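Here the structure comes first, spelled out in structure tokens, and everything after it is commentary.
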Amino acid sequence: MRVEAQGSFTNELWSDIESIFYDIINGGFVSRLAGASLPAEWFSRYLSQDILYLRQDNEALELLSARAPNETEKVFFRQLHEDGIAVEQAMQGEYMPLFGVSEAKEQSPVFMEYGSFLLDSARNSPYPVALAALLPCFWLYGEVGQYVVKHQAGNNPYQKFIDTYSGEEYDIVTIHFIQLLEQYGQKEPESVKMAMREAFLKSSRFEYMVFEEAEKGAC
42 MRVEAQGSFT
52 NELWSDIESI
62 FYDIINGGFV
72 SRLAGASLPA
82 EWFSRYLSQD
92 ILYLRQDNEA
102 LELLSARAPN
112 ETEKVFFRQL
122 HEDGIAVEQA
132 MQGEYMPLFG
142 VSEAKEQSPV
152 FMEYGSFLLD
162 SARNSPYPVA
172 LAALLPCFWL
182 YGEVGQYVVK
192 HQAGNNPYQK
202 FIDTYSGEEY
212 DIVTIHFIQL
222 LEQYGQKEPE
232 SVKMAMREAF
242 LKSSRFEYMV
252 FEEAEKGAC
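In this note's numbering, the protein residues as written are 42 to 260.
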């Protein structure tokens, strides 16, 4: 399923970060993941950090649920939080043992900065800005996953990991998140809309940087 912008505001958001998307899919990590030639050490560095990041992302989603202005949004973000916990548990109990990866003892510089930004946004930014900060983790990451699925080589040793972020259910949730952000983008004042765009762009840059960091061994 193609996950697209849901109106003029989210179309602007995607236009802001489209070049980042292409940087990610053309980078060494994702291109080699799709080509079934990703070095095990790159994948290990990424996965060992991703589990720590997921905990921060889940905490941020829980904070959004508590701050949401209506029950519909509270339930939506509570479910994302619960789903995130399930993914975290699957990482610990299935994916990491399958790939022989151990949890990192401390966060890498980029993952630490990214996670801290999401938590700070969830706690302190205006609610619509916090939503914009959290969306790239779903939308941009999901689009990268779709690209990998469409271009992957056969007998990919990372198939099980790829499948985690390429299912239809994941896409449906992401579309709903985009629709929600579109609604806020249509009614917020210009100052808040600008802050939303900046937060979305910043998180998207982090999405690129974590792959680059895993590739270059900076963590």
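From the three backbone atoms N, C-alpha and C, an ideal C-beta is built for every residue, glycine too.
Quick caveat, the model's predicted, so the values are computed rather than measured.
Can you give me the Cβ contacts of E129 inside the same chain, cut-off strictly under 8 Å, excluding the 5 residues immediately before and after it? I92, L95, R96, N99
Since F70 and E256 should fall inside the 8 Å C-beta cutoff, what is the C-beta to C-beta distance between them, to a whole number of angstroms? 5 Å
Residue range of the alpha helix (DSSP H) that includes M274: With the chain covering 42 to 260 only, the question about residue 274 has no answer from this structure.
How many Å lie between A163 and L102 at the Cα? 8 Å
On the criterion of 16 or more Cβ atoms from any shown chain inside 10 Å, does V116 qualify as buried, or is it exposed? exposed
For Q193, the first and last residue of its enclosing alpha helix (DSSP H): First-last for Q193: undefined, no H or E at that position.
What is the DSSP secondary structure of V142, reduced to helix, strand or coil? coil
With burial defined as no fewer than 16 other Cβ atoms inside 10 Å of the residue's Cβ, what is the status of L139: buried or exposed? exposed
Enumerated in chain order, which unbroken segments of the alpha helix (DSSP H) with a length of 4 residues or greater are wholly contained in the stretch 53-79? 69-75
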